[in-house]
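K.L.:
Respectively, the protein sequence lines represent chains A and B. Sequential numbering of the first sequence, starting at 1, is according to our numbering. Sequential numbering of the second sequence, starting at 1001, is according to our numbering. Glycine included, every Cβ here is placed at the ideal spot set by N, Cα and C. Model, not experiment: these values are computed from the prediction.
Protein chains: 2
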Amino acid sequence: MADAEEKPTKKKATRRRQGPRRSEASRAAILEATREELTASGWRKFSVDSIARRAHASKQTIYRWWPATGNMCLEAATTLLQPLDASGTDPVDRIATLLMPFETATRSGNGHAVLRGAMMAAADEKEAGETWRNWMKSNVRAPLRLILAELAAKKRIRRDYDLDESVNLLISPVWHNLLIMRAPLKNGFSHEQARRLLRLLAP
Amino acid sequence: MADAEEKPTKKKATRRRQGPRRSEASRAAILEATREELTASGWRKFSVDSIARRAHASKQTIYRWWPATGNMCLEAATTLLQPLDASGTDPVDRIATLLMPFETATRSGNGHAVLRGAMMAAADEKEAGETWRNWMKSNVRAPLRLILAELAAKKRIRRDYDLDESVNLLISPVWHNLLIMRAPLKNGFSHEQARRLLRLLAP
DNA sequence: AACTGGAGACGGGACGCCCCGTTCCCTTCC
DNA sequence: GGAAGGGAACGGGGCGTCCCGTCTCCAGTT
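(1) Which same chain residues, not among the five before or five after A/Arg-195, have their C-beta less than 7 Å away from its C-beta?
(2) Report the CB separation of A/Ser-138 from B/His-1176 in whole angstroms; it is logged as a contact under 8 Å.
(3) Starting from the Cα of A/Arg-199, find the closest Cα among A/Ser-166, A/Leu-185, A/Lys-186 and A/Ile-180 and give me that residue.
(4) Determine the contact status of B/Thr-1069 and B/Ser-1026, defining contact as a CB-CB distance below 8 Å.
(5) Counting only runs of 4+ residues fully inside the stretch 94–147 of chain A, write out the alpha helix (DSSP H) ranges in chain order.
(6) Please work out which residues of its chain come closer than 6 Å, Cβ to Cβ, to A/Ala-152, disregarding the five sequence neighbours upstream and downstream, and give them in chain order.
(7) Rounded to the nearest angstrom, what separates A/Val-140 and B/Gln-1193 at their Cα positions?
(8) Under 7 Å Cβ-Cβ, which residues of chain B neighbour A/Asn-168?
(9) Buried or exposed: where does A/Thr-89 fall if 16 or more other Cβ atoms within 10 Å of its Cβ makes it buried?
(10) Name, please, each residue of chain A whose Cβ falls closer than 8 Å to the Cβ of B/Met-1100.
(11) Between B/Ile-1051 and B/Ile-1095, what straight-line distance do the alpha-carbon atoms span, to the nearest angstrom?
(12) Give the interface partners of B/Asp-1124 over in chain A, defined as CB-CB distance under 7 Å, in chain order.
(13) Could you confirm whether any beta carbon from chain B is found closer than 8 Å to the beta carbon of A/Arg-53?
(14) Note down, in chain order, all residues in the stretch 124–143 of chain A with a beta-carbon under 8 Å from any beta-carbon belonging to chain B.
(15) Using a Cβ-Cβ distance under 8 Å, would B/Leu-1200 count as near chain A?
(16) Please classify B/Asn-1071: is it buried, with 16 or more other beta-carbons within 10 angstroms of its beta-carbon, or exposed?
(17) Looking at the C-beta of A/Ile-180, does it have a partner C-beta in chain B at a distance below 8 Å?
(18) When the Cβ atoms of the stretch 41–56 of chain A are set against those of the stretch 74–88 of chain A, are three or more pairs found closer than 8 Å?
(19) If the cut is a Cβ gap below 7 Å, which residues of chain A does B/Arg-1159 touch?
(20) For A/Ala-113, which residues in the same chain have their Cβ closer than 7 Å to its Cβ, ignoring the five residues on either side in sequence?
(21) Which stretch, first to last residue, makes up the alpha helix (DSSP H) that contains B/Met-1072?
(22) Which residues, taken in chain order from the stretch 1183–1197 of chain B, show a beta carbon closer than 8 Å to some beta carbon of chain A?
(23) Under a three-way DSSP split, which group does A/Ser-172 fall into?
(24) Between A/Asp-164, A/Asn-134 and A/Thr-104, which lies nearest to A/Leu-148 when the distance is taken from Cα to Cα?
(25) Would you identify the three-state DSSP class for A/Pro-91, choosing helix, strand or coil?
(26) With a threshold of 8 Å between beta carbons, is B/Arg-1156 in contact with chain A?
(27) Give the interface partners of A/Arg-64 over in chain B, defined as CB-CB distance under 7 Å, in chain order.
(28) Within this structure, are the beta carbons of A/Ala-33 and A/Arg-54 separated by less than 8 Å?
(29) Within a Cβ cutoff of 8 Å, which residues of the same chain sit near A/Ser-108, ignoring the five residues on either side of it in sequence?
(30) If you measure beta-carbon to beta-carbon, which residues of the stretch 1021–1038 of chain B are closer than 8 Å to chain A?
(31) Going by beta-carbon coordinates alone, are B/Ala-1123 and A/Leu-179 separated by less than 8 Å?
(32) Could you spell out the range, first to last residue, of the alpha helix (DSSP H) harbouring B/Arg-1053?
Structure representation (structure tokens):
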């Protein structure tokens, strides 16, 4: 997620390592300030100057590590999305586990505003969009692929399901609630969507 | 959709309004410039100054008729969404008719960028969000209500369907394609979604 | 019917403020 | 000595508002 995470660890060949490491305190303060700013100002009025003031950080530090503002917002938002372990046996529970981070994050504090801001960033900036789709691929598409493959093998669902279409059906209502309704997800949202997807994929 | 349409006709009946009317040429030029700007700059970098330059209009004229920028973007976008007459007999066709304006608009020219910009405006500004949800209510929810009620009476679908949930299911994938995938809708999208909704509502 | 004056919308320019992204300076820590 | 940090300042540009001179329409007068 971070834009420039690679450190020049060129200590090989008798090269002396030098210089301080990246300040974790500053990084955390900037991301927290980003969440506050997204909540207070949204995406269009989002101000990097304001971030610097809130976090008592230099703009140079911000631009050094996040050349693109959209990616900074995405990193600030994905921190709120804690992936869960889908270890249950009930298919509905296992699929719902993939959505639970969204349900939990949007229902906690200003999480829905932070998430909405980050989604607008992903929609507005091409590069941030790619970053976000990659996150979704790792945290939603890939786990769902495993679950559906297993269910298909057990003949609990059709064998000819379309994976991308399934991801689309499962996750789309999140965007509707978050971006169009501008509201958090309802309690029980994840299980409701999981049940619906399985009904659609029924053999 | 227009923000300030009412004229202050002074209280006394003998008082009549005078002066020139609103310039339709200027209005059209501003909305066209808005579409160009949304395509070129997106939402966060959207510039009202740029609109004034593109449209050879005064900023005062812009702010007089659109005090909120988001509503101006929505009006520029909804112009591209031509409602169709759902007069067919096939249930799939009738429901697909509700989505066709989106499919057509996003597949024509820069329509997908304009629509995406307007949707971000609706997500970012509270007032624009209400405007957009009202548009959806008139152009999607209300017609769908009639269609579903008729189908339920004919026992083609369940009688206990939830209208808001149905609207959500029908339209959500539009947001996924437009905002997350940042792409136009595929050819045949509308019929595919309509077929899926009817399958879910099957008795 | 022709004239006149007021009201309102228009394009254009200017304002003070803030934000953008970059650059420089100086301190701190490895 | 080198790299990362905070802070200040830069020129460029957008923000929303205000003012100006012009144009157009309409009402009442001539």
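P.N.:
Looking at the atomic coordinates:
(1) Taking the first sequence and counting its residues from 1, the one referred to as residue 195 of chain A is at position 195. Excluding residues within five positions, the ones whose Cβ falls inside 7 Å are Val-92.
(2) Reading the first sequence from its first residue, position 138 is the one you call residue 138 of chain A. Reading the second sequence from its first residue, position 176 is the one you call residue 1176 of chain B. At roughly 18 Å, the Cβ-Cβ gap does not stay under 8 Å, so A/Ser-138 and B/His-1176 are not in contact.
(3) On the first sequence, position 199 is the one that residue 199 of chain A refers to. A/Arg-199 has its Cα closest to that of A/Ser-166, out of A/Ser-166, A/Leu-185, A/Lys-186 and A/Ile-180.
(4) As a position in the second sequence, residue 1069 of chain B is number 69, starting the count at 1. As a position in the second sequence, residue 1026 of chain B is number 26, starting the count at 1. No, the Cβ-Cβ distance between B/Thr-1069 and B/Ser-1026 is not below 8 Å.
(5) 111–124 and 126–136
(6) What you label residue 152 of chain A is simply residue 152 of the first sequence in a count that begins at 1. Cβ neighbours of A/Ala-152 beyond the five flanking positions: Arg-159.
(7) The count along the first sequence starts at 1 and reaches residue 140 of chain A at position 140. The count along the second sequence starts at 1 and reaches residue 1193 of chain B at position 193. The straight-line gap from Cα to Cα measures roughly 22 Å.
(8) Taking the first sequence and counting its residues from 1, the one referred to as residue 168 of chain A is at position 168. Chain B residues near A/Asn-168: Pro-1173 and His-1176.
(9) Locating residue 89 of chain A in the first sequence gives position 89, where the first residue counts as 1. By the neighbour-count rule (16 or more Cβ atoms within 10 Å), A/Thr-89 is not buried but exposed.
(10) One-based indexing of the second sequence puts residue 1100 of chain B at position 100. Near B/Met-1100 there are no residues of chain A at all, since even the closest Cβ is about 19 Å away, more than 8 Å.
(11) Numbered from its first residue, the second sequence carries residue 1051 of chain B at position 51. Numbered from its first residue, the second sequence carries residue 1095 of chain B at position 95. Going from the Cα of B/Ile-1051 to the Cα of B/Ile-1095 covers about 37 Å.
(12) Here residue 1124 of chain B is taken as the residue at index 124 of the second sequence, counted from 1. In chain order: Gly-42, Trp-43, Arg-44 and Met-120.
(13) Stepping through the first sequence from its first residue, residue 53 of chain A is reached at position 53. Answer no: the Cβ-Cβ gap between A/Arg-53 and chain B never drops below 8 Å.
(14) Asp-124, Glu-125, Lys-126, Gly-129, Trp-132, Arg-133 and Met-136
(15) For this step, residue 1200 of chain B is matched to residue 200 along the second sequence. Chain A, which has a Cβ nearer than 8 Å to the Cβ of B/Leu-1200, makes this yes.
(16) Taking the second sequence and counting its residues from 1, the one referred to as residue 1071 of chain B is at position 71. Buried.
(17) Along the first sequence, one-based indexing puts residue 180 of chain A at 180. Yes, A/Ile-180 lies at the interface with chain B (some Cβ there is under 8 Å from its Cβ).
(18) no
(19) In the second sequence, residue 1159 of chain B corresponds to position 159, counting from 1. What B/Arg-1159 touches in chain A: nothing, since even the nearest Cβ is about 17 Å away.
(20) In the first sequence, residue 113 of chain A corresponds to position 113, counting from 1. Leu-38 and Thr-39.
(21) Position 72 of the second sequence holds residue 1072 of chain B. Segment 1069–1078, the alpha helix (DSSP H) holding B/Met-1072.
(22) Arg-1196
(23) Translated into positions along the first sequence, residue 172 of chain A becomes position 172. Three-state result, A/Ser-172: helix.
(24) Position 148 of the first sequence, counting from 1, holds the residue named residue 148 of chain A. Ranking A/Asp-164, A/Asn-134 and A/Thr-104 by Cα distance to A/Leu-148 puts A/Asp-164 first.
(25) Locating residue 91 of chain A in the first sequence gives position 91, where the first residue counts as 1. Reduced to three states, the DSSP call for A/Pro-91 is helix.
(26) On the second sequence, position 156 is the one that residue 1156 of chain B refers to. It does not: the Cβ of B/Arg-1156 has no partner Cβ on chain A nearer than 8 Å.
(27) Taking the first residue of the first sequence as 1, we reach residue 64 of chain A at position 64. Those within 7 Å of A/Arg-64 in chain B number zero; the least Cβ separation is about 21 Å.
(28) Locating residue 33 of chain A in the first sequence gives position 33, counting from the first residue. Locating residue 54 of chain A in the first sequence gives position 54, counting from the first residue. Contact flag set, yes.
(29) For this step, residue 108 of chain A is matched to residue 108 along the first sequence. So the qualifying residues of the chain are Leu-80.
(30) none
(31) The residue labelled residue 1123 of chain B in the question sits at position 123 within the second sequence. The residue labelled residue 179 of chain A in the question sits at position 179 within the first sequence. Yes, the Cβ-Cβ distance between B/Ala-1123 and A/Leu-179 is below 8 Å.
(32) Stepping through the second sequence from its first residue, residue 1053 of chain B is reached at position 53. Run containing B/Arg-1053: 1048–1055, per the alpha helix (DSSP H) assignment.
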